[in-house]
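Every letter in the sequence shown is one number past the one before it in numbering that gives the first Met the number 0, and letter 80, counting from 1, is 79.
No residue lacks a Cβ here, since even glycine has one placed at the ideal position from N, Cα and C.
Bear in mind that the values here come from a model prediction, so they are computed numbers and not experimental data.
Here is the structure we will look at, set down as structure tokens.
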Amino acid sequence: MSGSKSSGPSSDAAGSPKHDRDDDHLLGMTVHTLPQAGNAMADAERSAKGRLKMLAVMLVCAAPVIASYFTYYVIRPEGRRNYGELIDPQRTLPTATAQKLDGSPLPLPTLKGQWLLVSVAGGACDAQCQQHLYFQRQLREGLGREKDRLDWVWLISDETPIDAALLPAVDKATVLRVPDSVLTQWLAPTNGHALKDHLYVVDPMGNWMMRFPAQMDVPGAAKAKKDLERLLRASSSWDRPGREGQP
0 MSGSKSSGPS SDAAGSPKHD RDDDHLLGMT VHTLPQAGNA MADAERSAKG
50 RLKMLAVMLV CAAPVIASYF TYYVIRPEGR RNYGELIDPQ RTLPTATAQK
100 LDGSPLPLPT LKGQWLLVSV AGGACDAQCQ QHLYFQRQLR EGLGREKDRL
150 DWVWLISDET PIDAALLPAV DKATVLRVPD SVLTQWLAPT NGHALKDHLY
200 VVDPMGNWMM RFPAQMDVPG AAKAKKDLER LLRASSSWDR PGREGQP
């Protein structure tokens, strides 16, 4: 019709429809953004793998500590399975220096590397002290082939000389003089009792982690033996007899 300007969809100079150009543009954008998305996914995957590797390294380094805590909490008090009281938080061996019976010094941290069954008493060693020493010796011997993983330790809290008649009974014990002020910063009795009323268990890393009830008797000693057996059994995968650097 004369003078009519009507036409189909708008076209460019070459006569190509405009919407075709728009589709081509969108398609081009889609094609060019795919590699970017792929790179982002690859980066995220690498980052995740890196975190997993770091976590794995941390777990390997922390394995002995994790094992020790498993050792403690596998015998948690639920159901009253254990006779001794678990200490939380645990207290590590002080850095103080003790004195052997011959007068030579011994840094307390050198006791690390073995399970320790500890008693505290003055050099006069009254009847309760002697009973504790007897229980310590018997509990260690009662562990049979595992006894070399446990040292029994008598910490003397004063300067009173030991009766010579008592020395043969403690010839296999570790006997050290430690000032009472050092002991009270590390160990603690239950309310209403004194340090000398208890036996204490220290793990191979030097942490005081268990306290047996005060004034333990023979039936109590039998229950304490079961606690020690469970501790040694639970830690058998990482604890060995003897201290590092010693035959």
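Asked                                                                                                                             : Found
Contacting residues, own chain, Cβ-Cβ under 6 Å from glutamate 228 (five flanking each side not counted)                          : none
Euclidean distance between Cα positions of lysine 158 and leucine 230                                                             : The sequence given here places glutamate at residue 158; lysine does not occur at that position. Spanning the two alpha carbons is a distance of roughly 34 Å.
With 16 other Cβ atoms within 10 Å as the buried cut-off, status of leucine 51                                                    : exposed
Given 8 Å, three or more beta-carbon pairs between the region 150-166 and the region 112-126                                      : yes
For arginine 80, the first and last residue of its enclosing alpha helix (DSSP H)                                                 : Element bounds for arginine 80: n/a, residue is neither H nor E.
Where serine 234 falls, given that 16 or more other Cβ within 10 Å makes a residue buried                                         : buried
Serine 103 burial status per 10 Å Cβ neighbour count (16 or more: buried)                                                         : exposed
Euclidean distance between Cα positions of serine 9 and glutamate 44                                                              : With a pLDDT of only 46 at serine 9, under 50, the local geometry of the prediction cannot be trusted, and no value is derived from it.
Simplified DSSP assignment, three categories, for threonine 91                                                                    : strand
Ranges of the beta strand (DSSP E) found wholly within the region 156-201, counting only runs of at least 3                       : 173-176 and 198-201
Exposed unless 16 or more other CB atoms sit within 10 angstroms - verdict on serine 46                                           : exposed
Whole-Å CB distance - methionine 209 paired with glycine 83, under 8 Å assumed                                                    : 4 Å
Beta-carbon contacts of leucine 105 that lie in its chain and below 8 Å, excluding the five residues immediately before and after : Thr96, Ala97, Gln98, Lys99 and Leu175
Nearest-angstrom Cβ-Cβ length linking leucine 138 and alanine 220, presumed shorter than 8 Å                                      : 7 Å
C-beta neighbour in chain C for valine 169, strict 8 Å                                                                            : In the structure shown, chain C cannot be found, because there is only a single protein chain.
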